[in-house]
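Visitor:
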Amino acid sequence: MNTIIIYSSKYGCTADCAMLLKSGLPGTVELANINEINPKTLLIERFDTVILGSSIYIGAISKKLRAFCIENVNVLSRKRVGIFICCGVPEQTNEYLFKNFPEALLKSAVVVKDFGGEARIDKLKGLDKLIMRAAMKDNYESLKISHDHLKSFIKEISM
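Next comes the structure, spelled out in structure tokens:
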């Protein structure tokens, strides 16, 4: 299996999940942080499997990842695609997915999961820190990455 994981990570949780996926997947796996590259240089045609991941901030995924998905929906819909989000509000996962990813891509995806999230308060800045503090009311410890969802994702995308 020849896989690329294209992700967007603002404070590191999604990057950590991408690394965990990479270490658990068979075959050749490349990582691409869409915030650090020119998305037009990604030759997704070379890959059998494409995994897309982003954190959710104020209900939205990264603008760059969203634009990439919209621009490449036709190519991506013909690939084995997995989609994951890192989100601290699991009851809103479906809403966030359908608001942020093209419907055709969600329908054709092999697996779609929410990996949970972490509140890395020490890394947050400005408005993000204020919003997180207000939303979590000091319950930061309740946010965790779901290793069960991660393992399930790896199993499903590897079939």
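Each residue of the sequence shown is one higher than the one before, counting from 1 in UniProt numbering. Beta carbons: idealized from backbone N, C-alpha and C, even for Gly. Since we're looking at a predicted model, the values are computed, not measured.
1) In whole angstroms, give me the CA-to-CA distance for I85 and N38.
2) Since I believe P90 is in contact with G116 (beta carbons under 8 Å), could you give me their beta-carbon distance rounded to a whole number of angstroms?
3) For A109 versus I83, is the C-beta spacing smaller than 9 Å?
4) Leaving out five residues before and five after V111 in sequence, what residues of the same chain have Cβ atoms less than 7 Å from its Cβ?
5) Check whether the region 63-79 touches the region 19-33, counting contact only when three or more Cβ pairs, one atom from each stretch, lie closer than 8 Å.
6) Near K10, which residues of its chain fall below 7 Å by C-beta distance, leaving aside the five closest residues on each side in sequence?
7) Do you know how far the Cα of F101 is from the Cα of D114?
8) What is the rounded straight-line gap between the Cα of G24 and the Cα of D48?
9) How would you label V75, buried or exposed, when you count the other beta carbons within 10 angstroms and need 16 or more for buried?
10) For T3 versus V73, is the C-beta spacing smaller than 9 Å?
11) Suppose contacts are defined by Cβ-Cβ distances below 9 Å. Is F68 in contact with I6 by that definition?
Guide: Concretely, from the data shown:
1) On the sequence shown, position 85 is the one that residue 85 refers to. On the sequence shown, position 38 is the one that residue 38 refers to. Going from the Cα of I85 to the Cα of N38 covers about 21 Å.
2) In the sequence shown, residue 116 corresponds to position 116, counting from 1. In the sequence shown, residue 90 corresponds to position 90, counting from 1. Right, the Cβ-Cβ distance comes to about 7 Å (below 8 Å), so this counts as a contact.
3) Locating residue 109 in the sequence shown gives position 109, where the first residue counts as 1. Locating residue 83 in the sequence shown gives position 83, where the first residue counts as 1. Yes.
4) As a working mapping, residue 111 is identified with position 111 in the sequence shown. In the same chain as V111, and ignoring 5 residues on each side of it, the C-beta atoms closer than 7 Å to its own belong to G82, F153, E156, I157, in chain order.
5) Below 8 Å, too few C-beta pairs join the region 63-79 and the region 19-33 to call them touching: fewer than three.
6) To locate residue 10, count along the sequence shown from 1; it is residue 10. Excluding residues up to 5 positions away in sequence, S55, Y57 lie with their Cβ nearer than 7 Å to the Cβ of K10 in the same chain.
7) Locating residue 114 in the sequence shown gives position 114, where the first residue counts as 1. Locating residue 101 in the sequence shown gives position 101, where the first residue counts as 1. Between the alpha carbons of D114 and F101 lies a distance of about 14 Å.
8) The residue given as residue 24 occupies position 24 in the sequence shown. The residue given as residue 48 occupies position 48 in the sequence shown. Rounded to the nearest angstrom, the two C-alpha atoms are 17 Å apart.
9) By 1-based counting over the sequence shown, the position of residue 75 is 75. V75 comes out exposed.
10) Start at 1 with the first residue of the sequence shown, and residue 3 comes out as number 3. Start at 1 with the first residue of the sequence shown, and residue 73 comes out as number 73. The answer is no: Cβ separation not under 9 Å.
11) Numbered from 1 along the sequence shown, position 68 holds the residue referred to as residue 68. Numbered from 1 along the sequence shown, position 6 holds the residue referred to as residue 6. Less than 9 Å divides the Cβ of F68 from the Cβ of I6.
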